[in-house]
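Heads up: the protein sequence lines correspond to chains A and B, in order. FYI, in my numbering the residues of the first sequence are 1 to 333. FYI, in my numbering the residues of the second sequence are 1001 to 1333.
2 protein chains.
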Amino acid sequence: MVKIKDVADAAGVSTATVSRVLADKPHVRPEVKKRVMEVVESLGYRPNRVAQNLRSNSSKIIALIISDIENPFFQRVSRAVDDAAHELGYSVLLYNTDENPEKEKICLNFLRDENVAGVILSPTRQAINNLADTSFLDMPMVIIDRHVSDLDVDNVVIDNVKSAHTITSHLIEHGYKRIAGIFGIGSTTGRERREGFVRALKDHDIKPIPDLIKYTNAREEDGFNTAMKMFQTQERPDAIFTSNSLLAAGVLLAIRENTMTIPGDIAFASFDDTTWGKLLDPALTVIEQPTYEIGRTAAEMLIKRIQDPKRSNREVVLNTKLIIRQSCGCLED
Amino acid sequence: MVKIKDVADAAGVSTATVSRVLADKPHVRPEVKKRVMEVVESLGYRPNRVAQNLRSNSSKIIALIISDIENPFFQRVSRAVDDAAHELGYSVLLYNTDENPEKEKICLNFLRDENVAGVILSPTRQAINNLADTSFLDMPMVIIDRHVSDLDVDNVVIDNVKSAHTITSHLIEHGYKRIAGIFGIGSTTGRERREGFVRALKDHDIKPIPDLIKYTNAREEDGFNTAMKMFQTQERPDAIFTSNSLLAAGVLLAIRENTMTIPGDIAFASFDDTTWGKLLDPALTVIEQPTYEIGRTAAEMLIKRIQDPKRSNREVVLNTKLIIRQSCGCLED
DNA sequence: GTGAAAGCGCTAACAG
DNA sequence: CTGTTAGCGCTTTCAC
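What follows is the structure in structure tokens.
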């Protein structure tokens, strides 16, 4: 393995000079610079990042911690973060925590030990508290998707309450009365969407039916199980709303299992637009989130903050869009 | 930040001893060990991984390089690699290359510079050549999904030729004659699946129709465009087979765009089982790959190899499964 | 069984 | 403008 000393010797300069050339620092004569570059090239020298990191106590790596790699939302976000980071000269590590606070903590510790430059995170509610206790906030951090307050971090989110209110109102205004809602239990996101949902019912003088409003883990099988249980009661809903696309898939499976038709037997709407949501018959009515922009914005904010740690932190709220398709029965009007 | 010297001083020992205790090395008196551990605990000391890595020239990080994070195949693999690696005390970095050989190379270089312990990779055909040229093979490496020969690496794959042959034969045996096939162009996988496809046609004395056998990039929009073009010709197929789930989604979109019905107007079958493939009506007939096992096996092999670099390399071939649902029209018999 | 000391490969004062 | 030097925090001989 060729090291900086080898380059220095071959170029007849000191290691300091080689280091300067590579870091593009001033005060190096052009001819020396050229000579060094040539040697670097011919020897195929590549700086040892580990040594650089140790010495300068800084790296060009940021981490993205997501709670579920199978959630299309995070896939899009991940792609955006990747794009933005690479443009700005950073690499990104992707971590999957399965919405498990324990894993989240391990992960954060690991990242600190590895001295990453910063972190983008969508924490569980529990983790939000951990964040304050431990010294994780020494790392530059931006939190996405989940809402935090009183924490010294940047934040990029959407207006969950409003978005849920919008899509629920849409359902109500088209005649549905017994509307079920299934929400993720681990995140502030689920809470907020539930709030918008319930508020929409109340605003239209509909009394929420507790048996039809459920918290659950936000995965496919949880959606399936929850819906199956609902369908077995007397209180069958005439419409159902899910808080993300994984829950949606589970509920749709349950609807099929019960050989019900959409929107005839039951109307359907959900958060998150996906490829397959358009493919289904009927296609799904959804709230589309600006996933790519969320990722891009988060990455850019993080890197700005890395470069200027005392920059005041800010919250960015991005807009969502209601996409009306056939699953809510509204296009039949 | 508390460092090893602080622990040593507080415990009244040398840094060497602390290091020994933490690495669980022999030749330390139990009482000393206990005292050191207590100090570590009370000071909240965490070793600096960067320094460890630099000094010992080894890390506990492996990387998984995938070509498309939106491909459910890689999501499952990723989860499996994660699970297995953590069980064995390793962390995993996830990299997305978008099937771009350039990105792949940058990534591999980056990983070498960062001194990761090993890499799991599904390379493009082009990258397989790069691998030999450059010294990437100094890193322990296992290649998944794609076939490599003559390279000093471990390999875990499925039998693509046979699997494609099986599902194509199934289509043929149920009366379809004008069967189209769409395959990924960037990978050996696409080539092999095409080979199985064509061989099945020939084995059943069906003459392949060149206009209906296409290579393309393996993404949704490519599947859509390719199918749209096929549907505009005189030579409309009576069945269509796609080489992965992204292409499948694109083709299905095209089928809908042309208001054709499945399997009435056209039968459909694909590689890769997905959640939404079951959700569709009709549900999709597919070849299911043992994705989780692929990931797990790869991670375990890699770590074995890291721990014993001169271990002879091996190829593991895992079995696939044909899942017959309604989209191929075969259940109507 | 334990400590002293020599680096891992690099960067950043400080001289000159 | 360039070289010398002193570490970054840790592991690992080599003595004792």
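We put the CB at the ideal spot given by N, CA and C, even for glycine.
Using a Cβ cut-off of 9 Å, pull out every chain B residue sitting near residue i, in sequence order please.
i       : result
Q75(A)  : I1069, E1070 and Q1075
S243(A) : Chain B residues near S243(A): none, gap ~17 Å exceeds 9 Å.
Residue i versus chain A: which residues are under 7 Å apart at the beta carbon?
i        : result
D992(B)  : The question about residue 992(B) has no answer here: the residues shown for chain B are numbered 1001 through 1333.
L1054(B) : V50, A51 and L54
Using the rule of at least 16 other Cβ atoms within 10 Å of the residue's Cβ for burial, across every protein chain shown, is residue i buried or exposed?
i        : result
E41(A)   : exposed
S1187(B) : buried
L1171(B) : buried
D1333(B) : Note on D1333(B): pLDDT 45, under 50, position unreliable in the model; the coordinate value appears next. Per the 10 Å Cβ criterion, exposed.
T1261(B) : exposed
H1147(B) : buried
N1244(B) : buried
D1150(B) : exposed
K214(A)  : buried
S948(B)  : Outside the shown range of chain B, which is 1001 to 1333, sits residue 948(B), and nothing can be said about it.
E1315(B) : exposed
V1092(B) : buried
P1237(B) : buried
R1311(B) : exposed
Q1075(B) : buried
L64(A)   : buried
A23(A)   : exposed
V21(A)   : buried
E220(A)  : buried
V1018(B) : buried
N1057(B) : exposed
M1(A)    : exposed
R305(A)  : buried
A1016(B) : exposed
Comparing C-alpha positions only, which one of the options sits nearest to residue i?
i        : options                                   : result
I1062(B) : A1248(B), L1318(B), A1010(B) and Q1307(B) : Q1307(B)
A11(A)   : S122(A), V32(A), F136(A) and V142(A)      : V32(A)
H1165(B) : L1201(B), D1138(B) and I1185(B)           : L1201(B)
A1283(B) : I1323(B), A1218(B), L1151(B) and P1123(B) : I1323(B)
D1068(B) : D1009(B), D1145(B), I1158(B) and S1091(B) : D1145(B)
D265(A)  : I255(A), K25(A), A23(A) and E104(A)       : I255(A)
I1066(B) : R1055(B), S1091(B), V1251(B) and P1123(B) : P1123(B)
N1130(B) : E1102(B), T1285(B), R1219(B) and Y1176(B) : E1102(B)
R296(A)  : V157(A), Y176(A), D222(A) and E192(A)     : V157(A)
N313(A)  : T233(A), M141(A), K5(A) and A85(A)        : M141(A)
E38(A)   : P26(A), V7(A), H27(A) and K25(A)          : V7(A)
E114(A)  : N1048(B), T1017(B) and N1160(B)           : N1048(B)
R178(A)  : G89(A), G184(A) and S169(A)               : S169(A)
E1300(B) : D1154(B), N1217(B), K1321(B) and T1233(B) : D1154(B)
D273(A)  : K3(A), F73(A) and K34(A)                  : F73(A)
G44(A)   : L318(A), D98(A), I4(A) and N217(A)        : I4(A)
I1106(B) : A1239(B), L1318(B), P1208(B) and A1127(B) : A1127(B)
F231(A)  : E192(A), N258(A) and E104(A)              : N258(A)
E1195(B) : A1084(B), R1125(B), S1014(B) and V1161(B) : V1161(B)
A80(A)   : L302(A), P309(A), T320(A) and I294(A)     : I294(A)
V317(A)  : P290(A), L280(A) and V251(A)              : P290(A)
Name, please, each residue of chain A whose Cβ falls closer than 8 Å to the Cβ of residue i.
i        : result
L1252(B) : L279
A1249(B) : T275, W276 and L279
T1082(B) : One detail in the question is off: residue 1082(B) reads as Asp in this sequence, not Thr. Result: N96.
Using DSSP bridges, identify the partner residues of residue i.
i        : result
D1240(B) : Looking at the sequence itself, residue 1240(B) is Ile, so the reference to Asp does not match. In DSSP, I1240(B) forms a bridge with A1180(B) and F1268(B).
M1141(B) : V1119(B)
A1063(B) : L1093(B) and V1119(B)
L1216(B) : Per the sequence shown, the amino acid found at residue 1216(B) is Thr instead of Leu. Paired residues: G1184(B).
L1318(B) : I1158(B)
I287(A)  : F271(A) and L322(A)
Mind listing the chain A neighbours of residue i? Cutoff is C-beta to C-beta under 9 Å, in chain order.
i        : result
E1220(B) : T275
So which residues of chain B does residue i contact, with C-beta pairs closer than 8 Å?
i      : result
S78(A) : I1069 and N1096
Can you list the residues of chain B that residue i reaches, using a CB-CB cut of under 7 Å?
i      : result
S91(A) : F1110
Measuring from the CB of residue i, is there a heavy atom of the ligand GTP at a distance below 8 Å?
i        : result
I1294(B) : Summarising the ligand content, the structure contains no ligands, and the ligand GTP is consequently not present.
In the stretch 93 to 122 of chain A, which residues sit with their C-beta less than 9 Å from some C-beta in chain B, listed in chain order? Hits within the stretch, in order: L93, L94, Y95, N96, D98, K103, I106, C107, N109, F110, R112, D113, E114 and N115.
If you measure beta-carbon to beta-carbon, which residues of the stretch 39 to 51 of chain A are closer than 8 Å to chain B? Residues passing the 8 Å Cβ filter: R46, P47, N48, R49, V50 and A51.
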